[in-house]
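This report refers to the structure that appears directly beneath it.
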Amino acid sequence: MSDRFRRSIPEGDDRERLVCSDCGFVAYENPKVVVGAVVEEAGQVLLCRRAIAPRAGFWTLPAGYMELGETVQEGATREVWEEARARVRLEGILAVFSIARIGQVQVIFRGRLAEPGWSAGPESLEVRLFGWDDIPWEEIAFPSVRWALQHWRATCGQPLGAPAGNPPDDLRGTRPLPAGAD
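Here is the structure:
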């Protein structure tokens with residue numbers, strides 16, 4: 001930010017924000033959204049060994065930061081492809097985690113392989129399917145990966161309570177609407 005921005009509490013607000021001293025513009029700092037999936041195949045889950053920091057060499061779900069202009073399900077599908085070179089069919093939202101200390105909201109889907117095959121993408125050293133008893137728990141990269149896997153196990157075979165995305169016939173929220181549309 002330019003040196004015109006100072007931390008102060010804007011009028012009508014209750015916390016410090018970056019405020020432009022020239023025009024009063026408030027630069028809000030918001031959480032980043034992480035999207036990913038617990039991908040299942042024949043009772044096993046797909047995990048990726050990280051090739052990048054943080055936690056390089058540790059196992060994780062295929063997940064990463066959402067990009068501007070994509071829906072959460074598009075982001076999760078893209079991340080599974082980028083990290084595991086796998087095509088996935090998302091079944092619904094498995095979990096939403098708030099990691100406030102690092103400014104993240106994580107949206108984790110439950111999914112299944114849409115077609116056979118996977119391989120390590122550029123951010124992964126290797127990709128493997130693991131049965132529950134074979135998951136390398138001591139080498140899991142992040143607490144939220146453990147939470148998602150435990151919730152997947154607890155809800156296996158049960159319907160999920162949230163849809164896997166916006167209704168396919170309603171474009172509001174996914175693409176800009178033409179002028180005058182509601």
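Residues in the sequence shown are numbered consecutively from 1, following the UniProt record's numbering. Virtual Cβ for every residue (Gly too), placed ideally from N, Cα, C. None of the values given here were measured: they were computed from a predicted structure.
Closest by C-alpha distance to residue 69, when choosing among 96, 33, 125, 63: 33
Under the three-state DSSP convention, the category residue 8 falls into: strand
Whole-angstrom C-beta distance between residue 124 and residue 84, which should lie under 8 Å: 7 Å
Counted within 10 angstroms of its Cβ, other Cβ atoms place residue 48 as buried (16 or more) or exposed: buried
Sheet register partners of residue 130 (DSSP bridge): 45
Strand pairing of residue 50, partner residues [DSSP]: 124
Sufficient close CB pairs (3 or more, under 8 Å) joining the segment 137-157 to the segment 55-66: yes
First and last residue of the uninterrupted alpha helix (DSSP H) at residue 144: 143-155
Integer-rounded CB distance, given that residue 97 should sit under 8 Å from residue 73: Between residue 97 and residue 73 the Cβ distance is about 17 Å, and since that is not below 8 Å, they are no contact.
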